[in-house]
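Remarks on the structure that follows.
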Amino acid sequence: MPATPKHRAPIINAAVTLFRRQGYAGTGLNDIVDASGAPKGSLYYYFPKGKASIATAAIEEAGLRVARTVTDLAEETGSTAELLRAHARLLAGWMKASRFRDGCPITT
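Start counting the sequence shown at 4; every next residue gets the next number (our numbering).
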């Protein structure tokens, strides 16, 4: 099956989730392929340098998500202190919802 643009985003999203849950070292290319539902050929088509280039794309995506979240919270809060408290509550909620499976992609 030829690689199509529709497979790039699922590969990145799967990598974001898996790196957060299993860490970079604990996540293999087959894990990413399985979680994304993309053909293995698409992984190599979009990320010919392998896992490191997928990690770069995943970090960029995660950074965009954090930036959007902080921007949204900044619009809802009135001060930096309120923003930080709201962000801490949000992170705590995410951790609790994941039953503390989600963590740092490097140290998990």
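Backbone N, C-alpha and C define an ideal beta-carbon position, used for all residues, glycine too. Keep in mind the model is a prediction, meaning the values are calculated, not measured.
Would the stretch 34-41 and the stretch 13-21 be scored as touching if the rule is three or more Cβ pairs under 8 Å? Taking 8 Å as the limit for Cβ pairs, the verdict is that the stretch 13-21 does touch the stretch 34-41.
Could you tell me the distance, in whole angstroms, from the CA atom of Gly96 to the CA atom of Pro42? The residue labelled residue 96 in the question sits at position 93 within the sequence shown. The residue labelled residue 42 in the question sits at position 39 within the sequence shown. Going by the C-alpha atoms only, they are around 34 Å apart.
Got a sec, what are the start and stop residues for the alpha helix (DSSP H) Gly44 sits in? Residue numbering aside, residue 44 sits at position 41 when the sequence shown is read from its first letter. In this chain, the alpha helix (DSSP H) harbouring Gly44 covers 43-49.
Three Cβ pairs or more, each shorter than 8 Å: is that satisfied between the stretch 87-95 and the stretch 65-78? They touch, by the three-pair rule.
Inter-residue Cα distance where the pair is Phe117 and Leu86: Shown here, the chain extends from 4 to 111; a query on residue 117 therefore has no answer.
Tyr47 versus Glu79: straight-line alpha-carbon distance, rounded: If you number the sequence shown from 1, residue 47 lands on position 44. If you number the sequence shown from 1, residue 79 lands on position 76. CA-CA distance, Tyr47 to Glu79, rounds to 41 Å.
Which value, in whole angstroms, describes the spacing of the CA atoms of Asp105 and Leu21? The count along the sequence shown starts at 1 and reaches residue 105 at position 102. The count along the sequence shown starts at 1 and reaches residue 21 at position 18. Roughly 9 Å between the two C-alpha positions.
Please determine, among Ala84, Ser101, Glu63, Arg11, the residue with the shortest C-alpha to C-alpha distance to Gly112. Because residue 112 is not part of the residues shown, which for the chain are 4 to 111, the question remains open.
What's the gap between the Cα of Ala28 and the Cα of Ser56? Stepping through the sequence shown from its first residue, residue 28 is reached at position 25. Stepping through the sequence shown from its first residue, residue 56 is reached at position 53. Rounded to the nearest angstrom, the two C-alpha atoms are 14 Å apart.
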